[in-house]
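Participant: Take a look at the following structure, please.
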Amino acid sequence: MEQELSKLISTIEELTNALCEPKKVWLRTKEAERYLSISSTQLHILKKDGVLPFRKIGGLIYFKKEEIDHVLDSSNVEVSNDR
Numbered sequence: 001m002e003q004e005l006s007k008l009i010s011t012i013e014e015l016t017n018a019l020c021e022p023k024k025v026w027l028r029t030k031e032a033e034r035y036l037s038i039s040s041t042q043l044h045i046l047k048k049d050g051v052l053p054f055r056k057i058g059g060l061i062y063f064k065k066e067e068i069d070h071v072l073d074s075s076n077v078e079v080s081n082d083r
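Okay, so the sequence shown: first residue is 1 according to my numbering, each after it adds one.
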């Protein structure tokens with residue numbers, strides 16, 4: 001019984017630690033493409049049109065995951081029931 005309880009406590013601690021680990025905040029270009037399920041051309045258009053904010057550091061482009069999520073959340077399309 002005590003051994004099972006100890007194992008359960010250990011598992012809970014592992015899960016808690018996994019949940020508390022910081023999530024990846026910045027995505028590189030390929031990661032952003034995969035995250036959005038879009039092509040490199042589509043991502044380039046979103047950058048060029050100013051739809052998707054990005055940072056360029058030392059020639060590398062980074063996207064903040066939170067900003068991508070914000071763009072997705074604020075891009076609701078109203079659907080009309082008119083036929």
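Where is the CB? At the ideal position from N, CA and C, for every residue including glycine.
Determine the extent of the alpha helix (DSSP H) in which Lys30 is found, giving its start and end residues.
Facilitator: Thr29 to Leu36
Participant: Within the chosen definition, does the stretch 39-51 reach the stretch 5-21 through at least 3 CB pairs nearer than 8 Å?
Facilitator: Output reads no: the stretch 5-21 does not touch the stretch 39-51.
Participant: Consult DSSP for Lys7 and reduce its assignment to one of helix, strand or coil.
Facilitator: helix
Participant: Classify Ala18: buried if its beta carbon has 16 or more other beta carbons within 10 angstroms, exposed otherwise.
Facilitator: exposed
Participant: To the nearest angstrom, report how far apart Leu60 and Asn76 are at their CA atoms.
Facilitator: 30 Å
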